[in-house]
Amino acid sequence: MEPVEYKPSYAQTSMTYGAVFAVVASLVFYGILVVSMSSGNPGMLGFVIACLGCLGIIFLPGIFSVKSFLKQTNGKLLIGKGAVIGLVSGVAFGVVYGFMDLVWLLAGVDTATMFMDYMLALSENYGGNTGQVDDMREMMESQPKTGGTILIGVLTNVIIYSIVNLLSGMLAVSIWADTSSDEF
Amino acid sequence: MHYRNWFTDPLYLVVLVSTGILALMSSGMVIAGIESLNIYLFQSFRGICHQQLWRTFTYNELYMAVCSRCFGFYSGLAIVTLFIPIFKKIFVTTLQKSLYILYASLSLNGIDFLGNFVGAWTNTLASRFILGMMLSGSIIIVIFSIYKPK
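From first to last, the protein sequence lines are chains A and B.
Each step along the first sequence adds one to the number in this note's numbering, with nothing skipped, and position 112 is 208.
Each step along the second sequence adds one to the number in this note's numbering, with nothing skipped, and position 80 is 81.
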C-alpha cells in the first residue's frame, strides 16, 4: 500500500476564521450601538469605538487564516497562496456578516434603521445637517426588499470583504512567512 | 523590460484590478456612473466606516459610500499598487523599512484623529483623504516589499 502524502488544507480553517470574525464584528458594532442608543443620549465616542472595532476586525480573517496555515507548512508559504487563503476567509466573512443582519432582525433589531437613527442623533448633537441624513434614509426606505436586492447586498458584501482579506492574507505572508520555497 | 514583467505578472494584475474595483465601490460607484448601486454600497460599508455625511465627498450631488479618510484609504490601495513598479525601481525597500513606513502612517492617522477629536485642530476632507491614502500606500509597500514579478 502506497503511503498517502499529507497536503495541508486551508479551506476549512479560512472559512471558520471568516465566519467567527464576522459574528464577532457584527456583535461588537451593533452591540455597542444598541447599548449607546438605549442610554438615551448616543455619543460620538461610542460610534467611533464601534467603527474602529469593526474596522479592526475585518482584516483579521485573512491574517489569522494565514498564520494558522503557516503552522502546517513550517512557516513556508508563497504570497499568491496567502492571497487565496485570505480571499476564501473574506468570502466566508462577507456571507456570514450579511446573514448576521437577519439574526439581529430576529432579535428585534433592524440594523439599517438603527444605524440611520444613530446618524440622525449624532447630526442633531454635533451640528451636522440632519436634512442629509433624512435624504439618505428616504433613499434606503424607498429601496424595495426583494430577493434580487438582498442578493445584490450579499454580493457587494462578499466582494468587499474578500478583496480586503486577499490583501490582509498577502500582508500576513509578507510579514511572517518564508517565501523562498516553492513547496507551498 | 522591468514594467513588462510587472504587467504580465498574474498576482500583480489581480491585486491591481481588485483594488481598483474596491476603490470604485468605496465611492458608491458614483465615479463610475453606476448610481443605482450607491445605496447598496452605502449599506455594505456600514460598520466599517462612520459614514458621517458631512465628512464625506460628494460627486454629482451623490454621497460616496465611505468618508473621506476611508475613500483615501481605498483609493490609495489602487493608486500605490499602480505605481509600485516605479517605487521599487527607485527605492530599495526591505521588509523592515516598509514596516517603519507603515508604523509612521498609522501614527500620523492616529494623531490626526485624536487632535481633531479633542479639538486641538480641525481636519478637512482633503487632509483626511491624503492621510488615508498614506496608510493604505504603506500597506501596499509592505505587501510588495519582498515580492518580485515572475
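Glycine included, each C-beta is placed from N, C-alpha and C at the ideal position.
Asked: List, from N- to C-terminal side, the alpha helix (DSSP H) runs of 4 residues or more that fit wholly inside the region 173-250 of chain A.; Found: 175-202, 207-222 and 226-238
Asked: Closer than 7 Å by C-beta to Asn124 (chain B): which residues in its own chain qualify, once you throw out the five before and the five after it? Chain order, please.; Found: Asp113 and Asn117
Asked: Apply the 10 Å Cβ neighbour rule to Asp230 (chain A) and answer buried if 16 or more other Cβ atoms are within range, or exposed otherwise.; Found: exposed
Asked: Would a check of beta-carbon distances place Thr252 (chain A) closer than 7 Å to chain B?; Found: yes
Asked: Using 8 Å as the threshold, is the region 103-110 of chain B in touch with the region 76-95 of chain B, meaning 3 or more CB pairs across them?; Found: no
Asked: Using a C-beta cutoff of 7 Å, does Ser112 (chain B) count as contacting chain A?; Found: The sequence given here places Ile at residue 112 (chain B); Ser does not occur at that position. So no, Ile112 (chain B) is outside the interface.
Asked: Contact check, Gly178 (chain A) vs Tyr41 (chain B) under 8 Å by CB: the rounded distance?; Found: That pair is no contact at about 29 Å.
Asked: Can you name the residues of chain B whose CB is closer than 9 Å to the CB of Ala179 (chain A)?; Found: Leu12, Val15 and Val16
Asked: Could you have a look at Tyr257 (chain A) and say whether DSSP puts it in helix, strand or coil?; Found: helix
Asked: Per DSSP, what kind of secondary structure is Asp274 (chain A) in: helix, strand or coil?; Found: strand
Asked: Indicate the three-state DSSP secondary structure (helix, strand or coil) for Met2 (chain B) in the structure shown.; Found: Low confidence applies here, because Met2 (chain B) scores a pLDDT of 45, under 50, leaving its location unreliable and the question unanswered by this model.
Asked: With Tyr193 (chain A) and Asn253 (chain A) assumed to form a contact (beta carbons below 8 Å), what rounded beta-carbon distance in angstroms separates them?; Found: 6 Å
Asked: Helix, strand or coil: how does DSSP classify Cys147 (chain A) here?; Found: helix
Asked: How about Tyr126 (chain A) and Thr207 (chain A): do their beta carbons lie closer than 7 Å?; Found: yes
Asked: In three-state DSSP terms, what is Tyr148 (chain B)?; Found: coil
Asked: Who are the Cβ neighbours of Leu216 (chain A) in its own chain at under 7 Å, not counting the five residues just before and after it?; Found: Thr226 and Val229
Asked: Can you tell me whether DSSP reads Cys71 (chain B) as helix, strand or coil?; Found: helix
Asked: Decide if Thr9 (chain B) is buried, meaning its Cβ has at least 16 other Cβ atoms within 10 Å, or exposed.; Found: exposed
Asked: Could you tell me the distance, in whole angstroms, from the CA atom of Phe74 (chain B) to the CA atom of Leu201 (chain A)?; Found: 31 Å
Asked: Quick one: which chain A residues come within Cβ less than 8 Å of Met26 (chain B)?; Found: Thr252, Ile255 and Ile256
Asked: What residues of chain B sit near Gly249 (chain A), judged by a beta carbon separation below 8 Å?; Found: Tyr41, Gln44 and Ser45
Asked: Among the residues of its own chain, which have a CB less than 7 Å from the CB of Phe58 (chain B), if the five just before and after it don't count?; Found: Met65, Ser69, Phe72 and Leu126
Asked: What residues from chain B crowd round Ile154 (chain A), counting only those whose CB sits closer than 9 Å?; Found: Gly48 and Ile49
Asked: Just to confirm before moving on: does the CB-CB distance between Ser258 (chain A) and Val187 (chain A) stay below 7 Å?; Found: yes
Asked: Taking only beta-carbon atoms, is Tyr101 (chain B) less than 7 Å away from chain A?; Found: no
Asked: Counting only beta-carbon separations shorter than 7 Å, does Met266 (chain A) have a partner in chain B?; Found: yes
Asked: Helix, strand or coil: which one does DSSP assign to Thr109 (chain A)?; Found: helix
Asked: Tell me whether Thr20 (chain B) sits in a helix, a strand or coil according to DSSP, three-state version.; Found: helix
Asked: For Leu109 (chain B), which residues in chain A fall below 7 Å Cβ to Cβ?; Found: By Cβ distance, chain A contributes nothing, its closest Cβ being about 16 Å from Leu109 (chain B), past 7 Å.
Asked: Ile181 (chain A) and Ser161 (chain A): beta carbons closer than 7 Å?; Found: yes
Asked: For Ser37 (chain B) and Leu115 (chain B), I'd like the C-alpha separation in whole angstroms.; Found: 36 Å
Asked: Compare the C-beta of Leu151 (chain A) against all C-beta atoms of chain B and say whether one is closer than 7 Å.; Found: yes
Asked: How many whole angstroms separate the CB atoms of Thr95 (chain B) and Ser146 (chain B), which I take to be in contact at a CB cut-off of 8 Å?; Found: 7 Å
Asked: Just by C-beta distance, which residues in the region 135-151 of chain B are closer than 7 Å to chain A?; Found: Ile140, Val143, Ile144, Ser146, Ile147 and Tyr148
Asked: Would Ser69 (chain B) pass as an interface residue toward chain A - the criterion being a Cβ-Cβ separation below 7 Å?; Found: no
Asked: For Thr57 (chain A), name the three-state secondary structure that DSSP assigns.; Found: Lying outside 97 to 280, the shown extent of chain A, residue 57 (chain A) is not represented and no answer is given.
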